[in-house]
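Read through the structure below, which is laid out as structure tokens, and then see the notes.
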Amino acid sequence: MGIKDDPSYNEVDQSLETFKKTVRYKNKLFDVELPWKRDWHELNDSYSVAKKRLDSLVRRFKNNPDLNLQYRETLHDYEKNGIIEKVPNPEIPINKPVFYMPHQPAFRDESLTTQMRIVYDASSSHSFPHLSLNDCLWPGPNLNSNIFDILINFRLNKFAFISDIEKAFLQLTLAEKDIDAVRFLWTENDTLQVYRFNRVLFGVRSSPFLLSASIKMHLKKFHDEFPTRTECLNRYFYVNDFISEADSLREALEISTQAVSIMDQANMVLRKWSTNSDELRQLWIREGLKNQLQDNPISPRANSTKVLGMLWNTVEDYLIVGTQSLVDSLSNNENTKRHLLLAIGKIFDSLGQLSPFTIRVKCILQVLWMKEISWDEELPPGIRKTWCQWLSEVPRLSELHIPRYVLYSSTGEPTDVLELHCFCDASQKAYGVVIYTRVVKDCNVEVNLLVSKSRVAPLTKITMPRLELLGALLAARLASKVKVIVDLKTPSQVFFWTDSKITLNWIKGLSKRWKSFVSNRVTEIQSLCDTSAWAHCPGKQNPADFLSRGVNVEILLNGDLWWKGPQFLREADFPKDTDNDDTSISLHDISDELKKTSDYSPLTFTLLNHNSVIDDILKISINYMSIIRVMCYVLRFIHNFKNIERLAGHLTIKELQRAEI
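Here you go:
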């Protein structure tokens, strides 16, 4: 139509700019405005919906007096602390946005502090096209650190510690002009009352952005005094969670105590401190943090606490991938594509520790898409059997204890050598990469799985060499990200391994020789890493094979190759290439990927022996395959001259391969 968005308009920049212009800091509190993206006059009249939902809740209270009591105590506490207030004369129209939020209880059995919490529905509306409060607000940009980065960092230092901000959203006051947009209904002595929030609350679309932006602005105020520390604190926060680590006890104490002091200036209390160090815990007590320590586990597993969806045993310092919600749902006997997809989503495995197990169900899902199975259609018998077998193995995943700290040496001292080793592999079903840390101290070697990533193979069938190349590209991309997080200083500390000699030949060769598919990917790989870092690894020693074919839970639990990598990595001087054979490959596979050129496209070769007859031959302008054929006939002539048994007829594959070498 010729109508284009204003190129100068950027939602992220606009949201941040509006926040900076409207935010106020007073009495140790940040006062913020809701980021409206639509005229608030378009808000739905939500009073009737909120009233119906409240009536339903009151009926529920009659059957559950304890819930009624908890609910009322929570709201009474809110009112006492100025978080909510009654609306005077709510029936009088006002020239401000008004929205009534339905509310209901939510339960978290694993929580130590608040097992019942009240959640507010800011997305409630009659139906389309009526707009809810969340429909009219910008979500704002995601200012949080990447979970992947946080969890990788969490595994890199000896001392680890976590905390969170108590009632974080409620520590932000809401601008007076917006408080009527967060009204809700309640009953006192059978009398209907109208309340409103004076604070930002969980459930409103823009709340995570407002909290993160406020924290970053607050930390910026201390940048001149603590430049390095505030930059670190910025990386350690994920919404209201604080996840940190340090290389020494002194550094850990400094980070934690300074974080407490700085956040206190914004009325944000860091509580529920947990650590893997008894020494650090004792130092916290001396610093007056005794009341803010987490004394009891939040999980039936003793000494465990949550870290961004994973369980962390602070005593033995190992991680458990969160699968409990999936285990709890196994009683649901639905065998549909919808249920299968929901199951995948209930496994939180950002670092890919379970990838060899989860890739199996991803492959099942791909088959369902290929067969055009609808969302709620019963799975075909064969697929259902495979799916049920996978489900039956899920409970055993809780037996996996993943070491948190991966850079330790057996001597417990700082390491002399730190390396990343990346293995990639592919099959017709899937491809992937797994990365290990290798640390050396006084000839003592420790190897640990750090991260992996897997993908199902494309629906469009492609050759195995191309699939192997996709795995190599994934390895290069993941390694380039991980080495920045780990802060490796030199490329020589990163090694790549593949069991595909064809892929190795492509990567180490000139990318322009190949067709677009290979050329583009090889070019990217060569831009991301040093090609000399690539080496061949026999398939039986390649742990990425687990990713390409998938494994059952028994193999995953006991697969030393998966958790510790191949044996040769644990040698003090590991071989730079584990295959002593030549890297001969199928000429057919190579020639298939060569660019199509004219019969007389120029190629220039330079040989050390300029007096050689072969040198004269290669100076002729001919294409690559023509050179190979000429070399074949030269070698055949030499063979026939020296041997009684003569070669004749069409050129053989063996002759072609020999000529190429």
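Under our numbering, the letters of the sequence shown match residues 117 to 777, in that order.
Glycine included, each C-beta is placed from N, C-alpha and C at the ideal position.
Distance between I499 and I480, taken at the CA atoms: about 7 Å. Per DSSP, the beta-bridge partners of P221 are I234. A contact is defined here as three or more CB-CB pairs under 8 Å, and the region 268-275 meets this definition with respect to the region 351-369. For M486, no beta strand (DSSP E) encloses it; the enclosing alpha helix (DSSP H) starts and ends at 471-486. In terms of Cβ geometry, L677 and H537 do not form a close pair [threshold 8 Å]. DSSP places F612 in the uninterrupted beta strand (DSSP E) bounded by 610-614. Of the candidates S377, M486, S508, H517, H517 places its Cα closest to the Cα of I436. A direct Cα-Cα distance of roughly 33 Å separates G765 from L626.
Per DSSP, E432 lies in no alpha helix (DSSP H) segment and is marked neither H nor E.
Per DSSP, the continuous alpha helix (DSSP H) segment holding A595 begins and ends at 580-602. Beyond the five residues adjoining it in sequence on each side, D532 comes within less than 6 Å, by CB distance, of V556, K557 in the same chain, given in chain order.
Taken through DSSP and simplified to helix, strand or coil, L424 comes out as coil. For D171, the enclosing alpha helix (DSSP H) begins and ends at 163-179. The Cβ neighbour count for S596, taken over all protein chains shown within 10 Å, is under 16; the residue is labelled exposed.
By the C-beta criterion, the region 317-329 is judged to be in contact with the region 346-363, since at least 3 inter-stretch pairs fall below 8 Å. Beta-bridge analysis with DSSP links S360 to F277. Boundaries of the beta strand (DSSP E) harbouring Q309: 307-313, taken from the DSSP string. Close CB contacts of A591 within its chain, under the 7 Å cut and outside five residues either way in sequence, are with C538, C540, V549, F612 (chain order). Taking every protein chain shown into account, the CB of M384 has 16 or more other CB atoms within 10 angstroms, so this residue is buried.
V669 sits away from L446, with the two beta carbons spaced by 8 Å or more. Contact between V572 and K545 holds: CB atoms are separated by about 7 Å, below the 8 Å threshold. With contacts defined as CB atoms closer than 8 Å, D433 and R554 fail to qualify as a contacting pair. Annotated as proximal: Q408 and L386, with beta-carbon spacing under 8 Å.
In the DSSP assignment, C540 falls within the unbroken beta strand (DSSP E) covering 533-542.
Closest in alpha carbon position to N314, among P213, W389, D147, is D147. Beta-bridge analysis with DSSP links A651 to W613. Under the Cβ criterion (8 Å, minimum of three pairs), the region 471-490 counts as touching the region 448-461.
Under a 10 Å Cβ-count criterion, L575 is classified as exposed, with fewer than 16 other Cβ atoms of the shown protein chains found around its own Cβ. L288 sits away from V310, with the two beta carbons spaced by 8 Å or more.
Contact between R321 and L253 is confirmed by a C-beta separation of about 5 Å, below the 8 Å threshold. With respect to the 8 Å criterion, V638 and I623 are classified as neighbours on the basis of their beta carbons.
Within the DSSP bridge table, the entry for E761 names no partner. In this model, R397 and T391 are separated by some 7 Å (Cα to Cα).
One alpha carbon belongs to E403, the other to S393, and they sit about 15 Å apart. The DSSP-derived three-state label of I200 is strand. Around the beta carbon of E709, 16 or more other beta carbons lie within 10 angstroms, which makes this residue buried.
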